[in-house]
């Protein structure tokens with residue numbers, strides 16, 4: 192019963208956050224949800240919550256990353272994949288080392304292996320926060336694709352690095368060669384597993400559709416189960432479950448193929464279900480983060496043996512190292528990158544320095560970092576308590592809050608949306624032109640051109656939806672009406688064709 196009450200309370204907090212965000216648009220929704228979670232955890236009637244990190248990863252992170260990978264612009268991702276992978280792997284490892292040595296230097300009581308574990312946990316950026324950084328900042332398509340691509344790939348490197356550092360802290364032994372080999376196996380093994388299973392799932396869904404066996408219910412249930420099966424299957428063979436989910440999400444395309452009323456109806460329902468599920472899971476993740484932070488940080492703050500000033504200095508030091516490493520790495524990558532037209536490296540202009548700063552603060556830390564920190568064992572191999580466990584969780588929580596606040600309030604200053612009104616006006620004009628085109632095409636449908644015109648109408652309606660999403664004016668009802676009209680037109684077309692076939696059979700029953 193307590194679990195059920197907790198679920199109801201979290202859902203209520205998620206719904207409340209959606210209303211509050213409308214009145215404070217300059218504060219991103221994740222920050223609102225974290226604040227609500229922290230407030231809710233102090234209420235006497237709100238149930239206590241404990242986080243099972245493994246359950247958290249499979250229940251929340253796996254489906255969210257699958258959806259993010261599936262919906263990301265593949266063309267833009269391919270253009271920026273080198274920079275995204277360098278951030279996801281190279282920067283994650285560099286951050287792990289820099290944070291580890293810096294924290295151990297500032298606070299020698301924290302063992303180097305434990306400090307390295309914290310650095311590894313701070314490697315992943317939060318995919319949910321990246322996509323919800325606020326509406327006041329104007330990020331370019333390249334900046335957005337780099338940040339989203341990084342958040343998709345860097346979870347694997349952060350998790351693997353964290354596990355190796357914790358193993359070294361518990362056992363007191365760290366084998367560099369063995370750890371590097373296991374990282375390569377986990378990273379590339381997860382990607383290969385995801386590609387194989389994703390390809391098989393694609394073939395299965397398309398085969399069921401071609402045989403006429405696909406129903407709306409079966410398709411949506413199988414699609415919802417897919418990320419969980421991918422994650423659990425990959426983890427069972429000791430490769431990265433996160434990367435397998437991402438790889439499969441990138442290649443699966445069964446919902447982009449096929450035409451007809453049943454396919455269109457199923458796609459509409461699937462899109463609606465994923466939309467509700469995505470918002471609910473996103474909100475739950477940050478509500479949980481807000482609920483867990485006060486408890487995680489109170490244990491160290493109230494400990495008389497630990498200096499609160501030292502805790503604050505550690506948070507500021509680690510935050511500075513994370514941000515400085517990220518800025519330097521991105522600046523170096525931008526300097527080394529070659530122009531796609533001339534093939535030459537470009538100088539760092541003021542605009543490119545600003546772009547580096549935008550991508551620096553556009554990579555906040557979040558729930559994966561905290562969930563990893565909660566997996567730190569309570570004891571080491573010798574039986575003693577794990578050194579400074581509560582303090583490490585406190586520092587991680589402080590860095591998470593710091594990076595989220597910086598992302599929310601500095602990004603609008605670095606990338607102000609000065610052309611917001613002009614771009615919105617042009618987008619609205621484009622939407623109106625497309626809408627009138629659809630209306631004109633609707634009036635020109637004939638039995639001969641019906642199939643071709645319906646495909647064009649479907650393409651235009653999807654483009655209208657994408658443009659409305661850019662301006663924040665999503666109109667699912669209007670889009671659904673257009674889709675339903677298209678279904679009715681095709682239904683009439685099929686009826687007319689069947690009637691013609693029957694008439695031909697009656698007129699010539701012998702077939703001669």
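Numbering (this note's numbering), first residue to last: 192 to 703. All C-beta atoms in this analysis are idealised placements derived from N, C-alpha and C, irrespective of residue type, glycine included.
Check, Outcome
"Residue span of the alpha helix (DSSP H) that contains residue 506, given as start and end", "499–527"
"C-alpha distance - residue 663 paired with residue 219, whole-angstrom precision", "Its pLDDT being 49, under 50, residue 663 is placed unreliably by the model, and the measurement read from it follows with that caveat. C-alpha separation (whole angstroms): 14 Å."
"Nearest-angstrom Cβ-Cβ length linking residue 525 and residue 546, presumed shorter than 8 Å", "7 Å"
"Helix, strand or coil at residue 611 according to DSSP, with G and I counted as helix", "Annotation note: pLDDT 48 at residue 611 (below 50); position unreliable, no value reported."
"Status (buried if at least 16 other CB within 10 Å, exposed otherwise) for residue 325", "Since pLDDT at residue 325 reaches only 47, below the 50 mark, its modelled position is unreliable, and the value read off the structure follows with that caveat. Answer is buried; the Cβ neighbour count reaches 16."
"Residue(s) in a DSSP beta bridge with residue 570", "576"
"Through-space distance from residue 509 to residue 272, alpha-carbon basis", "28 Å"
"Where residue 545 sits in the DSSP three-state scheme", "helix"
"Chain C contact for residue 602 (CB, 8 Å cutoff)", "In the displayed structure, chain C is absent; only one protein chain is listed."
"Residue 536, DSSP secondary structure in three states", "strand"
"Residues near residue 361 in its chain [Cβ-Cβ closer than 7 Å; skip 5 each side]", "568, 571, 572"
"Within 8 Å, strictly: CB atoms of residue 225 and residue 481", "yes"
"As assigned by DSSP and simplified to three states, the class of residue 430", "coil"
"Nonlocal neighbours in the same chain, by C-beta distance under 8 Å from residue 605, ignoring five residues either side", "328, 545, 548, 549, 552"
"Residues of its chain near residue 612, where Cβ-Cβ distance is below 8 Å and the 5 sequence neighbours each way are ignored", "Low per-residue confidence applies at residue 612: pLDDT is 44, beneath 50, and the placement is therefore not dependable, though the value from the model is reported in the following sentence. Excluding sequence neighbours, residue 612 sits near nothing in its chain."
"Cβ pair residue 282, residue 520 closer than 8 Å", "yes"
"Local Cβ density within 10 Å of residue 314, reported as buried at 16 or more and exposed below that", "buried"
"Proximity of residue 396 and residue 249 at Cβ, strictly below 8 Å", "no"
"Residue 430 vs residue 384 beta-carbon contact at 8 Å", "yes"
"Nearest-angstrom Cα separation, counted from residue 379 out to residue 344", "11 Å"
"Straight-line Cα distance separating residue 304 from residue 359", "6 Å"
"Exposure of residue 559, with buried meaning 16 or more beta-carbon neighbours within 10 Å", "buried"
"Other residues of its chain near residue 576: CB distance less than 8 Å, five sequence neighbours each side excluded", "569, 570"
"Cα-Cα separation, residue 582 to residue 491", "6 Å"
"The region 430–444 / the region 220–239 touching (three or more Cβ pairs under 8 Å)", "no"
"DSSP-derived helix/strand/coil call for residue 271", "coil"
"Length-filtered (4 minimum) alpha helix (DSSP H) runs lying within the region 355–404", "367–401"
"Extent of the continuous alpha helix (DSSP H) run through residue 223", "220–232"
"Three or more C-beta pairs below 8 Å linking the region 227–234 and the region 473–487", "yes"
"DSSP three-state assignment for residue 419, whether helix, strand or coil", "helix"
"Per-residue burial, residue 213 [other beta carbons within 10 Å of its own, 16 or more giving buried]", "exposed"
"Identity of the residue in 428, 275, 256 nearest residue 476 by Cα", "256"
"Beta-carbon proximity check, residue 286 vs residue 513, cutoff 8 Å", "yes"
"Candidates 587, 462, 654: closest to residue 307 by CA position", "587"
"When 404, 377, 195, 440 are compared against residue 393, the one with the closest alpha-carbon", "440"
"Delimiting residues of the alpha helix (DSSP H) encompassing residue 310", "303–312"
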